[in-house]
Amino acid sequence: SAVISQKPSRDICQRGTSLTIQCQVDSQVTMMFWYRQQPGQSLTLIATANQGSEATYESGFVIDKFPISRPNLTFSTLTVSNMSPEDSSIYLCSVEQASGNTIYFGEGSWLTVV
Amino acid sequence: DAKTTQPNSMESNEEEPVHLPCNHSTISGTDYIHWYRQLPSQGPEYVIHGLTSNVNNRMASLAIAEDRKSSTLILHRATLRDAAVYYCILRWNNDMRFGAGTRLTVKP
Numbered sequence: 002s003a004v005i006s007q008k009p010s011r012d013i014c015q016r017g018t019s020l021t022i023q024c025q026v027d028s029q030v031t032m033m034f035w036y037r038q039q040p041g042q043s044l045t046l047i048a049t050a051n052q053g054s055e056a057t058y059e060s061g062f063v064i065d066k067f068p069i070s071r072p073n074l075t076f077s078t079l080t081v082s083n084m085s086p087e088d089s090s091i092y093l094c095s096v097e098q099a100s101g102n103t104i105y106f107g108e109g110s111w112l113t114v115v
Numbered sequence: 004d005a006k007t008t009q010p011n012s013m014e015s016n017e018e019e020p021v022h023l024p025c026n027h028s029t030i031s032g033t034d035y036i037h038w039y040r041q042l043p044s045q046g047p048e049y050v051i052h053g054l055t056s057n058v059n060n061r062m063a064s065l066a067i068a069e070d071r072k073s074s075t076l077i078l079h080r081a082t083l084r085d086a087a088v089y090y091c092i093l094r095w096n097n098d099m100r101f102g103a104g105t106r107l108t109v110k111p
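Those protein sequence lines, which keep their order, are chains E and U.
If you count the first sequence from 1, you need to add 1 to reach my numbering.
If you count the second sequence from 1, you need to add 3 to reach my numbering.
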């Protein structure tokens, strides 16, 4: 299994600011994904983080709002830009290892925008 | 876009088996059936997955209907730590989309 570390685990942010969430994996992985989970809701896929190229965004999510980087096979960042209270959510990093079909999730980054 | 349908909630008594159903009538031949669960204040956790045959692991069993249009996650003896939201997901390639899931309550 893969061990995923997300930072920050929690933060309270001011409206209009931006925050970058880091996702570090303890082994090389083929795929990295970013999800959002709004309070009391299920998970929604934001984008697939592609190594060395632009992320692939799902409908309703754009690069200007959620820029993503993936410089190597073990690390990715998600930035939530120009935050509003509606961005208050848990943001989860997930990965798939080259060896299997299983997706592993981090513990999430709990963001509150005030 | 393959979708799944699950009951919103279920209850079980501790030490008893639990059968969590999932309907996926639009499943395609290449979709894997995955189950994840999310304990309170944690990220989702892999439980089990399968394609056509029934599967067993240390956490649970997965029973897949012959026509693959439904499946059942079986927890053989529920414990209080199994209280979670259980998600049934169809996955093909990089596409893994979560539905609303089933919230399982385990009563002592």
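Ideal placement from N, C-alpha and C gives every residue a C-beta, glycine not left out.
Could you pull the start and end residues of the beta strand (DSSP E) that residue i belongs to?
{"i": "E:Ile13", "result": "11-14"}
{"i": "E:Ile3", "result": "The question names Ile, yet the displayed sequence has Ala at residue 3 of chain E. It is not in any beta strand (DSSP E) - E:Ala3 carries neither H nor E in the DSSP assignment."}
{"i": "E:Phe106", "result": "104-106"}
{"i": "E:Met33", "result": "32-38"}
{"i": "U:Ser64", "result": "64-67"}
{"i": "E:Thr80", "result": "76-81"}
{"i": "U:Gln41", "result": "35-41"}
{"i": "E:Glu97", "result": "90-97"}
Please list, in chain order, the chain E residues whose beta carbon lies closer than 7 Å to that of residue i.
{"i": "U:Tyr35", "result": "Asn102"}
Between which residues of its own chain and residue i is the CB-CB distance below 6 Å, once the five residues before and five after are set aside?
{"i": "E:Gly109", "result": "Ile91, Leu93"}
{"i": "U:Pro47", "result": "Tyr39, Gln41"}
{"i": "E:Gln98", "result": "Ala3, Val30"}
At a CB-CB cut-off below 8 Å, which residues of chain E make contact with residue i?
{"i": "U:Met13", "result": "What U:Met13 touches in chain E: nothing, since even the nearest Cβ is about 16 Å away."}
{"i": "U:Met62", "result": "Simply none; closest approach about 12 Å."}
{"i": "U:Gly104", "result": "Ser43"}
Starting from residue i, find everything on chain U with Cβ-Cβ shorter than 8 Å and list it in chain order.
{"i": "E:Tyr105", "result": "Tyr49"}
Based on DSSP bridge pairs, tell me the residues matched to residue i.
{"i": "U:Pro24", "result": "U:Thr75"}
{"i": "U:Gln9", "result": "Looking at the DSSP assignment, U:Gln9 forms no beta bridge with any residue, so it has no partner."}
{"i": "U:Arg106", "result": "U:Ser12, U:Val88"}
{"i": "U:Glu196", "result": "Outside the displayed span of chain U (4 to 111) sits residue 196 of chain U, for which this structure offers no information."}
Closer than 8 Å by C-beta to residue i: which residues in its own chain qualify, once you throw out the five before and the five after it? Chain order, please.
{"i": "U:Thr108", "result": "Ser12, Met13, Glu14, Ser15, Ala86"}
Output, in chain order, the set of chain U residues within a Cβ distance shorter than 7 Å of residue i.
{"i": "E:Glu108", "result": "Gln45, Gly46"}
Suppose the cutoff is 7 Å on Cβ atoms and the five residues either side in sequence are ignored; what does the same chain contact list for residue i look like?
{"i": "E:Gln25", "result": "Ser6, Thr75, Phe76"}
{"i": "U:Thr33", "result": "Trp95"}
Quick one: list the residues of chain U neighbouring residue i, beta-carbon separation under 9 Å, in chain order.
{"i": "E:Leu46", "result": "Asp98, Met99, Arg100, Phe101"}
{"i": "E:Leu93", "result": "Gly46, Pro47"}
Closer than 9 Å by beta-carbon distance: list the chain E residues that pair up with residue i, in chain order.
{"i": "U:His27", "result": "Those do not exist, as U:His27 stays about 16 Å from chain E at its closest Cβ, beyond 9 Å."}
Tell me the start and end of each unbroken alpha helix (DSSP H) in the segment 47-71 of chain E that is at least 4 residues and wholly inside, in chain order. Listed in chain order, nothing qualifies, since the segment 47-71 of chain E has no complete alpha helix (DSSP H) run of 4 or more residues.
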